[in-house]
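K.L.:
2 protein chains.
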Amino acid sequence: MTFDRRARAAKGAARTLATASRATKDAALHAMAVRLLDAQEAILAANAADVAAAEASGTTRALIDRLRLTPERLGAMADGLRQLAGLPDPVGDVVRGWTNPNGVSVRQVRVPFGVVGIIYEARPNVTADAAGIALKSGNAALLRGSSSTLASNRAIMVALREGVADAGLPEDAVQLVEGDRSVTAEMMAARGLVDVLIPRGGAGLINAVVEGSKVPVIETGTGNCHLFVDASADQDMALDILLNAKVQRPSVCNALETLLVHADAAPTFLPRALAALADAGVTVHGTDAVRSYSDAVLPAREDEFDEEYLSLDLAAAVVDDLDAAIEHIREHTTGHSETIVTSDLVAADRFVAEVDAAAVLVNASSRFVDGGEFGFGAEIGISTQKLHARGPMALPEMTSTKYVVTGRGQTRA
Amino acid sequence: MTFDRRARAAKGAARTLATASRATKDAALHAMAVRLLDAQEAILAANAADVAAAEASGTTRALIDRLRLTPERLGAMADGLRQLAGLPDPVGDVVRGWTNPNGVSVRQVRVPFGVVGIIYEARPNVTADAAGIALKSGNAALLRGSSSTLASNRAIMVALREGVADAGLPEDAVQLVEGDRSVTAEMMAARGLVDVLIPRGGAGLINAVVEGSKVPVIETGTGNCHLFVDASADQDMALDILLNAKVQRPSVCNALETLLVHADAAPTFLPRALAALADAGVTVHGTDAVRSYSDAVLPAREDEFDEEYLSLDLAAAVVDDLDAAIEHIREHTTGHSETIVTSDLVAADRFVAEVDAAAVLVNASSRFVDGGEFGFGAEIGISTQKLHARGPMALPEMTSTKYVVTGRGQTRA
Chain A
1 MTFDRRARAA KGAARTLATA SRATKDAALH AMAVRLLDAQ EAILAANAAD
51 VAAAEASGTT RALIDRLRLT PERLGAMADG LRQLAGLPDP VGDVVRGWTN
101 PNGVSVRQVR VPFGVVGIIY EARPNVTADA AGIALKSGNA ALLRGSSSTL
151 ASNRAIMVAL REGVADAGLP EDAVQLVEGD RSVTAEMMAA RGLVDVLIPR
201 GGAGLINAVV EGSKVPVIET GTGNCHLFVD ASADQDMALD ILLNAKVQRP
251 SVCNALETLL VHADAAPTFL PRALAALADA GVTVHGTDAV RSYSDAVLPA
301 REDEFDEEYL SLDLAAAVVD DLDAAIEHIR EHTTGHSETI VTSDLVAADR
351 FVAEVDAAAV LVNASSRFVD GGEFGFGAEI GISTQKLHAR GPMALPEMTS
401 TKYVVTGRGQ TRA
Chain B
1 MTFDRRARAA KGAARTLATA SRATKDAALH AMAVRLLDAQ EAILAANAAD
51 VAAAEASGTT RALIDRLRLT PERLGAMADG LRQLAGLPDP VGDVVRGWTN
101 PNGVSVRQVR VPFGVVGIIY EARPNVTADA AGIALKSGNA ALLRGSSSTL
151 ASNRAIMVAL REGVADAGLP EDAVQLVEGD RSVTAEMMAA RGLVDVLIPR
201 GGAGLINAVV EGSKVPVIET GTGNCHLFVD ASADQDMALD ILLNAKVQRP
251 SVCNALETLL VHADAAPTFL PRALAALADA GVTVHGTDAV RSYSDAVLPA
301 REDEFDEEYL SLDLAAAVVD DLDAAIEHIR EHTTGHSETI VTSDLVAADR
351 FVAEVDAAAV LVNASSRFVD GGEFGFGAEI GISTQKLHAR GPMALPEMTS
401 TKYVVTGRGQ TRA
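Top line first, the protein sequences correspond to chains A and B. Just so you know, we're using full-length UniProt numbering here: the first sequence kicks off at 1 and counts up by one. Just so you know, we're using full-length UniProt numbering here: the second sequence kicks off at 1 and counts up by one.
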């Protein structure tokens, strides 16, 4: 099917979805979960073929691990759909409302975007996840996955569409977009058919979509996240947060990538921190000041402070004071999550006010910047742009609003 | 000055503005108003030169009227700045906040975008207006006006920057972007320096910015606004709303462009409506069904239903029923403001739910879809896109948010 036909079918389905009740949408999500588990054999067989092809082409183990499905992972995908059914429906929420002096009443009401395009990499679980979030928020989804997961995605999509149909909703509400790279270009050019594009994946993918798209984009994020240990920091607390933010799950966007230590704290903090990091298997890439505390610290190239390692590596520097820390962050931040550990109220206030990022944290691990940890129950990604949504994006962020204006014949003077 | 230097200066100024108190920003707005009136002689002289050049080059009277400044118009610009000073500051507003089970507290707080670029046509009043709205919302403004108003804009900008400096804020908070068309392209490419671009003007300008920009854009709107007179409409009310929406100010985006009449209402409504429209000087371009009621109705070409006349012209058609009206609107809407006049609750509900636009109106004139009429006190434009802001955009729509996460050393399990 051509992309244009697919997008028009999605637009038609979006009209039905926009006025579907929560009960109907939740029934569809439960049915999608059932169909997904019913199709386990077919989905795992298709996935095995994707994995075999990836192995034959020399794909790294880390990528193959993302690609591989197991009965447990499929179960988690089904659970995710059921959890979505339990969340409140953002559509129809009245954001605000008032009555004008002339008696005209105005309500601002949440409505779905319409058609949402999601472009993502080789993670077949995103197919179910993104389809579910889109459906719950009343949007039709056009899912553009990686060619390396095509067999898995096709098998998953068959099951999801059966579930949608089971609930009496149009199955074109969820569609896989297949084809070569030119199809991605078509998606990015489809103003008027696609209402918003969300790229999920590495920096290269995201930049290509942001730069090439005529359709509005929500940029989800790379995270070059910093931790600043202030002179007044409780150093036990700083050490806990440092290790948690770096080590607990290094491959994700809210993991720590750079440690900045106030010069006054460095002599007491860095020896302990570097030893603990080494014990945890972290390779530190530091400035000369950092290296003076440990021979195990590798020299950091200047461009290393712009790197999102996503691994057990950490850049580290000693800074003169709070101003220098804020200045370093301004220069290198990707605007995701930035943390200060301090006991000084003025320092905390200034850090919060002057650091420009989706999230700023005081005395807590950046790993909390996440839709699940925020209690949102679902997350389509973490926005690092300032327009529309910034930070973890959940169901309300998948909607727009509409003003409903009602009168009794009033006209403007 | 190169655009890059200007944008960097704006970014520096934006950091100061972001933490400026409301009192300081309001003082700047009052000082800008004073400086504008003090500079009346210089501004009017510069404007006279722009007007003379426009007249010599054969510019239309309507455009020259937009371009021309008078002491009254300058006074209105100053009043606009003072009114902004009276409005609440959106920056620092806590949108929501909660404490997670682990004791970590989260607040979502409004923050400025940073640097806002505004690209607009030959209306020198927009220079003061946009600079004021940007400043009040804590944003630095890069204003790209039309070359035909350059002398006026330069004189206005001198005064505005003096006012900004009077309050102790950096004068690079408001800047005029000069140069040939290549500068507009630089603005659209300045990801990382410019946080958001807002084009204000005709459809050609807006499309060029939306299609060409790598910086996120808020699309402000063309309005092909429809009025549907339902079978059950109170026809006196429908006539009032029709005339008000079409005639009260035909050159603006929330004015009516297309009339759709239910077939059952046509025999009684159209003769009265066509006579009243003719009396008001409106030229109606109708389908054959409409023309059967009056010889004065011109034949409507099919593409006329996509036209935003912005003049005393109106397209008109008779439709079989509500479904046909909704279908017609879906095909031709620009997503601005769509109106139904009806006494039927089911028809009103369906129209509100099924018509996809920034505003849907029941029994009220579309001329109410306006920041001033909504009581917002200021308006930077009316968004017809679904991302970030939809409908009239005021001070809160000129901000982003930031999550502030505070703990006592919590880490993620």
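For every residue, glycine included, the Cβ atom is placed at its ideal position computed from N, Cα and C.
Check A/Gln175 in the structure and name its three-state DSSP category.
P.N.:
Strand, per DSSP.
K.L.:
I'd like the span of the alpha helix (DSSP H) that includes A/Ile133, first residue to last.
P.N.:
Run containing A/Ile133: Pro124 to Lys136, per the alpha helix (DSSP H) assignment.
K.L.:
Do the segment 43-55 of chain B and the segment 165-172 of chain B touch if we need at least three Cβ pairs shorter than 8 Å?
P.N.:
They do not touch, by the three-pair rule.
K.L.:
Helix, strand or coil: which one does DSSP assign to B/Gln248?
P.N.:
Note: B/Gln248 maps to coil in three-state DSSP.
K.L.:
Check each residue of the segment 382-408 of chain B: if its Cβ is closer than 7 Å to any Cβ of chain A, include it; give the result in chain order.
P.N.:
Cβ contacts with chain A: Gln385, Lys386, Leu387, His388, Arg390, Gly391, Ser400, Thr401, Lys402, Tyr403, Val404, Val405, Thr406, Gly407 and Arg408.
K.L.:
Hey, could you find the ends of the alpha helix (DSSP H) B/Phe368 is sitting in?
P.N.:
Element bounds for B/Phe368: n/a, residue is neither H nor E.
K.L.:
Any contact between the segment 218-232 of chain A and the segment 137-150 of chain A? By contact I mean 3 or more CB pairs, one from each, below 8 Å.
P.N.:
Too few Cβ pairs lie closer than 8 Å, so no.
K.L.:
Under a CB-based cut-off of 9 Å, is A/Gln83 close to chain B?
P.N.:
No - not a single Cβ of chain B is within 9 Å of the one on A/Gln83.
K.L.:
Please compile the residues from chain B whose C-beta is within a distance smaller than 7 Å of the C-beta of A/Met237.
P.N.:
Per Cβ cutoff of 7 Å: Gly409.
K.L.:
Flag A/Arg373 as yes if its beta-carbon sits less than 9 Å from any beta-carbon of chain B, otherwise no.
P.N.:
At residue 373 of chain A the sequence reads Glu, which differs from the Arg that was named. Yes, because at least one Cβ of chain B sits closer than 9 Å to the Cβ of A/Glu373.
K.L.:
Measuring straight from C-alpha to C-alpha, what distance separates B/Leu74 and A/Leu260?
P.N.:
Whole-angstrom Cα-Cα distance: 52 Å.
K.L.:
Classify A/Ala245 as buried or exposed, calling it buried when 16 or more other Cβ atoms lie within 10 Å of its own Cβ.
P.N.:
Buried, because 16 or more other Cβ atoms sit within 10 Å of the Cβ of A/Ala245.
K.L.:
Mind listing the chain B neighbours of A/Ile241? Cutoff is C-beta to C-beta under 9 Å, in chain order.
P.N.:
The answer, in chain order, is Gly407, Gly409, Gln410 and Thr411.
K.L.:
So, does the segment 178-193 of chain B touch the segment 362-373 of chain B, judging by three or more C-beta pairs under 8 Å?
P.N.:
Contact between the segment 178-193 of chain B and the segment 362-373 of chain B is absent, because fewer than three Cβ pairs lie under 8 Å.
K.L.:
Output, in chain order, the set of chain A residues within a Cβ distance shorter than 9 Å of B/Lys136.
P.N.:
Going along chain A, no residue has its Cβ under 9 Å from B/Lys136, so there is no contact; the nearest lies around 18 Å.
K.L.:
In the structure shown, what three-state DSSP assignment does B/Ser148 receive?
P.N.:
B/Ser148 falls in the helix class under three-state DSSP.
K.L.:
Assign B/Arg301 to one of two classes, buried (16 or more other C-beta atoms within 10 Å of its C-beta) or exposed (fewer than that).
P.N.:
When all chains shown are included, B/Arg301 counts as exposed.
K.L.:
Could you list which residues in chain B have their beta carbon closer than 8 Å to that of A/Gly114, in chain order?
P.N.:
By Cβ distance, chain B contributes Asp356 and Lys386.
K.L.:
List, in chain order, every chain A residue whose beta-carbon is nearer than 8 Å to that of B/Thr19.
P.N.:
Residues of chain A passing the Cβ test: Ala353 and Glu354.
K.L.:
Does the beta carbon of B/Ser365 come closer than 9 Å to any beta carbon on chain A?
P.N.:
Cβ-Cβ to chain A under 9 Å: yes for B/Ser365.
K.L.:
Assess contact between the segment 349-359 of chain B and the segment 384-393 of chain B, defined as three or more Cβ pairs (one per stretch) separated by less than 8 Å. Is contact present?
P.N.:
Judged by Cβ distances under 8 Å, the segment 349-359 of chain B makes contact with the segment 384-393 of chain B, as three or more pairs qualify.
K.L.:
Across which residues does DSSP place B/Pro267 in a beta bridge pair?
P.N.:
Paired residues: none, contrary to the question.
K.L.:
Let me make sure I understand the geometry here. Which of A/Val174, A/Ser292 and A/Gly103 has the alpha-carbon closest to that of A/Ser137?
P.N.:
Checked all of A/Val174, A/Ser292 and A/Gly103; the closest Cα to A/Ser137 is A/Val174.
K.L.:
Output the boundary residues of the alpha helix (DSSP H) element that contains B/Ile43.
P.N.:
That run of the alpha helix (DSSP H) goes Gln40 to Ala56.
K.L.:
If you drop the 5 nearest sequence neighbours on each side, which residues of the same chain put their C-beta closer than 8 Å to that of A/Glu272?
P.N.:
Looking at the sequence itself, residue 272 of chain A is Arg, so the reference to Glu does not match. Gln235 and Leu239.
K.L.:
Leaving out five residues on either side along the sequence, give the residues of the same chain with a beta carbon under 7 Å from the beta carbon of B/Ala276.
P.N.:
Result list for B/Ala276: Leu239 and Leu243, in chain order.
K.L.:
If we require 3 or more residues per run, which beta strand (DSSP E) segments fall completely within the segment 184-234 of chain B?
P.N.:
Entirely contained in the segment 184-234 of chain B, the beta strand (DSSP E) runs reaching 3 residues are, in chain order, 196-200 and 225-229.
K.L.:
Determine, using beta carbons only, whether A/Phe305 and A/His328 come nearer to each other than 9 Å.
P.N.:
Taking 9 Å as the Cβ cut-off, A/Phe305 and A/His328 qualify as a contacting pair.
K.L.:
Relative to the C-alpha of B/His30, which candidate in B/Asn47, B/Asp129, B/Arg107 and B/Ala13 has its C-alpha closest?
P.N.:
The option with the nearest alpha carbon to B/His30 is B/Asp129.
K.L.:
Can you tell me which residues form a DSSP beta bridge with residue 462 of chain B?
P.N.:
With chain B covering only 1 through 413, there is no way to say anything about residue 462 of chain B.
K.L.:
At least one CB of chain B closer than 9 Å to the CB of A/Ala155: is that the case?
P.N.:
Not closer than 9 Å to any Cβ of chain B, the Cβ of A/Ala155 fails to qualify, so no.
K.L.:
Using the beta-carbon of each residue, which ones in chain A are nearer than 8 Å to B/Val360?
P.N.:
Here the neighbours are Lys402, Tyr403, Val404 and Val405.
K.L.:
Shorter than 9 Å from the beta carbon of B/Pro199 to some beta carbon of chain A?
P.N.:
False, the Cβ-Cβ gap to chain A never drops below 9 Å.
K.L.:
Around the Cβ of B/Val290, are there at least 16 other Cβ atoms within 10 angstroms (buried) or fewer (exposed)?
P.N.:
So B/Val290 ends up on the buried side.
K.L.:
Based on DSSP bridge pairs, tell me the residues matched to B/Val346.
P.N.:
DSSP output for B/Val346 lists no bridge partner at all.
K.L.:
Report all residues from its chain with a CB closer than 6 Å to the CB of A/Ala33; omit the five preceding and five following residues, and keep chain order.
P.N.:
Answer for A/Ala33: Ala78, Leu81 and Arg82, listed in chain order.
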